Every structure is written in structure tokens, then in C-alpha cells.
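Student: Per this note's numbering, residue 285 is the first one in the sequence shown, and the count goes up by one each step.
Don't be surprised by glycine CBs; every beta carbon is placed ideally from N, CA and C.
As the structure is a prediction and not an experimental result, all values here were calculated from the model.
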Amino acid sequence: MTTFTPEIQSTLAAQGVELPSWAFGNSGTRFRVWTTEGTPRDPFEKIADAAEVNRLTALAPSVALHIPWDKVDDFGALRRHAEDLGVTLGTVNSNTFQDEDYKFGALTHEDDRIRRKAIDHHLECIDVMDATGSRDLKIWLAEGSNYPGQTDMRARQDRLNDSLGQIYARLTGDQRLVLEYKFFEPSFYHTDVPDWGTSYAQVATLGDRAMVCLDTGHHAPGTNIEFIVMQLLRLGRLGSFDFNSRFYADDDLIVGAADPFQLFRILVEVIRGGGLNNPDVAFMLDQCHNVEAKIPGQIRSVLNVQEMTARALLLDHEALATAQSANDVLGAQAVFMDAFYTDVRPALAQWRESRGLPADPIAAYAASGYQERIESERVGGVQAGWGA
Ligand code: PSV
Ligand code: MN
Ligand code: MN
């Protein structure tokens, strides 16, 4: 069985992956949203479910919020609720994709009234951050156009920059703005923040506390994502990850499920670039569990990240560097694949037990009675869903 050095053990022990509150609500596709027994009815119940993932894995110390989906009257109370359950409230995600006014844009809109409304929404999100103690404001914009000639792409970049500048100016202390890109959807011809280069160009003009968010599902098929990870770390602008996996487009499936090797390659570059357990880089999930059980789905996800991190930590950098500098193509590739093919699961199970955690967190969840309890308690009220 693989053994982990004390150094690897302490690196693994320090790892944390932020969970998205929306992963615990009902979700689906544009064809159907599936309902599930025991689904949370409000943000407090979503936080309770996220805390259960952390209790069983010690891997998920914080929960990301989406505003207005997670709007509550008293964010201080939500924060205390989270802290009582041993987690913190993390990234605040804004939402400018579900309001009639934003049909033709929000932060890029040519109508000053609508653009003002979108900026004000972000200022409200920063008020929420002040109450929750969150550091990061994450902005993903569903803005773009469907037809060539439909809009002035260049003027929209200028308005976007002005809007982001106004939002950035409202941040205080260690708060940050993180700008997420996505190559298409909901627009199909042009998107205002389609790629890391555009996100970088926008945030670089704002200041040091403006960063890029890389969602692994937001690239064209075949994109070398680990190259982007390497470049953003080099430039000191990789602010956060939205982890998930996909077969086709923005599928939001369990991270490491579609392409474990890609997750491994990304984590190798994260480690190479000093991004692991670096407070400047937030590791989050952005997933929806349409057909699988939600809490075990999140447990599976954080374990997948942990397993690929452990494999990446086992990479023999010395042997790799030697092979690389000799241009030993096959030798270098063999060293790389040796780490990837190492089955770390038995060693991780044993290590978890040595820390007082269940060797098999998914089995421990099934045996805990938590699912039965929420199914019997959470009757009545409206189940939360992606978008509510
Ligand atoms: C957009 O596709 C996105 O990745 C953004 O992060 C949103 O906030 C999130 O999905 C909502 O699920
Ligand atoms: Mn995302
Ligand atoms: Mn997405």
C-alpha cells in the first residue's frame, strides 16, 4: 500500500473545498427539475447539509452563497448558524441572469438604469459579505449576443470595465472581486467574458484584489485547462476554481467523474505553481446533482479532489525534472503516469481513520440516520431549487 510522508499528510490535512449551497437544492435541466425527499427548504437547511459533508470528511469547511437564492432577513443569524455547525460562509455569488431587465445585458447594458441596477445588486452582495464575513464576491455574467452585428462588442467591454470599477471601489479590507468566464451559454454568438484572457484583461485594470475564477466546465472541448491554471498562477491572478466535470458543455457533474486524469493534471499545476492550500486560491465546487443523492454526491466530490490531490503530491518532481532536462520524452511521461496510476484509496481510508474520521464517509453517511431524519422532518414548505 502507498504510504504518505508526514509532509504529504499535513498538506492533505490542510486541504479545504468550498461547497455550493445550490448543490443541496433540487436541480435538473431546462426540461425538468427533479424533486428529492429531504431537500432543504431554506438556506439554513442547506448549510446544515453542507456541514454534514464536512463532519464526515473534514474537507469542506465553508459554504458558498448565491444571492438572491440564499437571501435571508438576517445574514448574521445565518453566519452564527454556520459557525455553530463548524463551517463558515464563503464566496458570495451574484446573480444577474434571472431578471427580466437583464435580457440584453446587466453590467454591460447600454441603458444606464439597468446597468445601475446591476451594479447596485453587486453592492448589496458586498453588504451581505460584510455581514457573513465572506472574503470573495464572485461574478459570472450571462451577457452576450446571438447574432453577428446585434451589438457593439467593444462598447460593452468599456461599460463592463466601468461597472466592475464601481463594484471594486466598494470592497474593503481583504475582500476580493473574482470574475468568472465562460465561453458560451446563454449567448451563442458572443459572450462578454468568454475566456481567461478577457477576465484577466478586465481584472488587471482594477487592482490587486481582483482575480480570475476558473470554472472547469467553461471551456471548449479539448482546451488544455492546466495550461491556463499554470498561466494564471504565474501571473498571480488565479483567485478561485469552480470544480465540476463534463462530457459535453457546462454539465456541472461531479468533479473527477468525467475525466479524472484532467483533474490530476490540473492539481499537478496547482501544486507546481504554489496554489495548493494557498489562501489566495479558493477551491470551490460548482455542481448540481440532478439524479444522484445530493449529500453523498458532495461527499464523493470532495473525496475525488482529495484522491487526485494525493496522487499529484506523489509525483516524483526530481525524476521528472531529470527526464525533462534530458528531453527524455517517454521517461518524463512514465514518471507522470506513475503518479496518476497510483491507487491512493486504501492509504487515504487508513489515514482518515487515524484522524478519527470514517474510513468510508459515504458509508458512514448512509449509516448515520441523517438522511432518514431530514426526509421525515422536512415536510411542508417549498423545497429549495437551483434558482430559489
Ligand atoms: C454559470 O454557468 C455558473 O458556472 C456560475 O458560476 C453561476 O453562478 C453558477 O454556474 C450557477 O450554478
Ligand atoms: Mn461556475
Ligand atoms: Mn457553469
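Between the alpha carbons of GLU553 and ASP534, how many angstroms are there, rounded?
Tutor: Cα to Cα, GLU553 sits roughly 22 Å from ASP534.
Student: What number of angstroms, rounded off, separates the C-alpha of LEU599 from the C-alpha of TRP635?
Tutor: Going from the Cα of LEU599 to the Cα of TRP635 covers about 19 Å.
Student: Taking a cut-off of 5 Å, which residues have a beta-carbon closer than that to any heavy atom of ligand 2, in chain order?
Tutor: Taken from the N-terminal end onward, the list reads ASP499, ASP526, ASP570.
Student: For the region 291-302 against the region 589-596, do three or more pairs of beta-carbon atoms, one drawn from each stretch, fall closer than 8 Å, so that the two count as touching?
Tutor: Yes, they touch.
Student: Excluding the 5 residues preceding and the 5 following ASN310 in the sequence, name in chain order all residues of the same chain whose CB lies nearer than 8 Å to its CB.
Tutor: Taken in chain order, the residues that qualify are VAL317, TRP318, THR319, THR320, THR323, GLN667, ALA668, GLY669, TRP670.
Student: Cβ of ASP358 versus every heavy atom of ligand 3: is any distance shorter than 7 Å?
Tutor: Answer for ASP358: no, Cβ out of range of ligand 3.
Student: Give the DSSP-derived three-state secondary structure of CYS409 in the structure shown.
Tutor: If DSSP states are grouped into helix, strand and coil, CYS409 belongs with the helices.
Student: Check whether the Cβ atoms of TYR473 and LEU461 sit closer than 8 Å, and answer yes or no.
Tutor: Not in contact: TYR473 and LEU461 (Cβ atoms no closer than 8 Å).
Student: Three or more C-beta pairs under 8 Å: does that hold for the region 602-618 against the region 646-653?
Tutor: Flag = no, the region 602-618 and the region 646-653 do not touch.
Student: From LEU522 to THR341, what does the alpha carbon distance come to, in whole angstroms?
Tutor: Distance between the alpha carbons of LEU522 and THR341: 26 Å.
Student: So what's ALA566 in DSSP terms, helix, strand or just coil?
Tutor: DSSP places ALA566 in strand when its eight states are reduced to three.
Student: So the alpha helix (DSSP H) LEU587 belongs to, where does it begin and stop?
Tutor: LEU587 -> alpha helix (DSSP H) spans 578-597.
Student: Only counting the same chain, and skipping five residues up and downstream in sequence, which positions put a Cβ closer than 6 Å to that of PRO470?
Tutor: Once the five neighbours on either side are set aside, the close Cβ partners of PRO470 are ALA426.
Student: Buried or exposed: which applies to PRO304, given that a residue is buried once 16 or more other Cβ atoms fall within 10 Å of its Cβ?
Tutor: Counting Cβ neighbours within 10 Å, PRO304 comes out buried, since at least 16 surround it.
Student: Would the beta-carbon of MET413 fall within 8 Å of that of GLN450?
Tutor: No; because the gap between Cβ atoms is not below 8 Å, this pair is not in contact.
Student: For the alpha helix (DSSP H) that HIS573 lies in, which residues bound it at each end?
Tutor: Where HIS573 is concerned, there is no enclosing alpha helix (DSSP H), given that its DSSP letter is neither H nor E.
Student: What whole-angstrom Cβ distance do MET514 and GLY557 have, given they're in contact under 8 Å?
Tutor: Indeed, because the Cβ distance is near 6 Å, the residues count as touching under 8 Å.
Student: Quick check on the burial criterion: 16 or more other C-beta atoms within 10 angstroms. Buried or exposed for GLN434?
Tutor: That one is exposed.
Student: Quick check: does the Cβ of ASN377 come within less than 7 Å of any heavy atom belonging to ligand 4?
Tutor: For the structure depicted, ligand 4 is absent and the ligand set comprises only ligand 1, ligand 2 and ligand 3.
Student: Which residues does DSSP pair with HIS474 in a beta bridge?
Tutor: According to DSSP, HIS474 bridges with SER429.
Student: List the endpoints of the continuous alpha helix (DSSP H) containing TRP306.
Tutor: Taken as a continuous stretch (DSSP letters only), TRP306 belongs to no alpha helix (DSSP H), as it is neither H nor E.
Student: Under 8 Å by Cβ, that's how I've got THR313 and LEU373 pegged, so tell me the actual separation to the nearest angstrom.
Tutor: Not confirmed; about 29 Å, so no contact.
Student: Evaluate THR489 with the Cβ neighbour count: other Cβ atoms within 10 Å of its Cβ, from every protein chain shown; 16 or more gives buried, anything less gives exposed.
Tutor: Flag for THR489 reads exposed.
Student: When DSSP labels each residue in this structure, what does THR372 get in the three-state scheme?
Tutor: Three-state result, THR372: strand.
Student: How many angstroms separate the CA atom of ASN588 from the CA atom of ARG639?
Tutor: Answer to the nearest angstrom: the Cα atoms are 19 Å apart.
Student: Counting Cβ pairs, one atom from each stretch, are 3 or more of them under 8 Å apart for the region 378-395 and the region 358-366?
Tutor: With a cut-off of 8 Å, the region 358-366 and the region 378-395 do not count as touching, because too few Cβ pairs lie within range.
Student: Determine the closest residue to THR289 out of ILE658, LEU641, VAL628, with distance taken between C-alpha atoms.
Tutor: Among ILE658, LEU641, VAL628, the Cα nearest to that of THR289 is on VAL628.
Student: Can you give the Cα-Cα distance for THR446 and ALA633, rounded to whole angstroms?
Tutor: In the sequence as presented, Thr is not what sits at residue 446; that position holds Asp. The alpha-carbon atoms of ASP446 and ALA633 are separated by roughly 50 Å.
Student: What's the call for ASP476, buried or exposed, on a 16-neighbour Cβ count within 10 Å?
Tutor: Its Cβ being crowded by 16 or more others within 10 Å, ASP476 is buried.
Student: Quick one: Cα of ARG657 to Cα of ASP368, how far?
Tutor: Using only the alpha carbons, I get a separation of about 19 Å.
Student: Please return the same chain residues whose Cβ sits closer than 7 Å to the Cβ of GLY624, not counting the five positions on each side in sequence.
Tutor: Per the sequence shown, residue 624 should be read as Phe rather than Gly. Result list for PHE624: PHE545, PHE548, ARG595, in chain order.
Student: I'd like to check one pair, LEU455 with SER483: are the Cβ atoms closer than 8 Å?
Tutor: No; because the gap between Cβ atoms is not below 8 Å, this pair is not in contact.
Student: Where does the unbroken alpha helix (DSSP H) through ASP420 begin, and where does it stop?
Tutor: Careful: ASP420 lies outside any alpha helix (DSSP H), inside the beta strand (DSSP E) at 420-424.
Student: Cβ-heavy atom distance between TRP318 and ligand 1 below 7 Å?
Tutor: Incorrect: TRP318 has no Cβ contact closer than 7 Å to ligand 1.
Student: Alpha carbon to alpha carbon, how far is HIS503 from GLY481? Give it in angstroms, no decimals.
Tutor: Rounded to whole angstroms, GLY481 to HIS503 spans 12 Å at the Cα level.
Student: Out of curiosity, what's the CA-to-CA distance linking GLN655 and GLY664?
Tutor: So the alpha carbons of these two residues sit roughly 17 Å apart.
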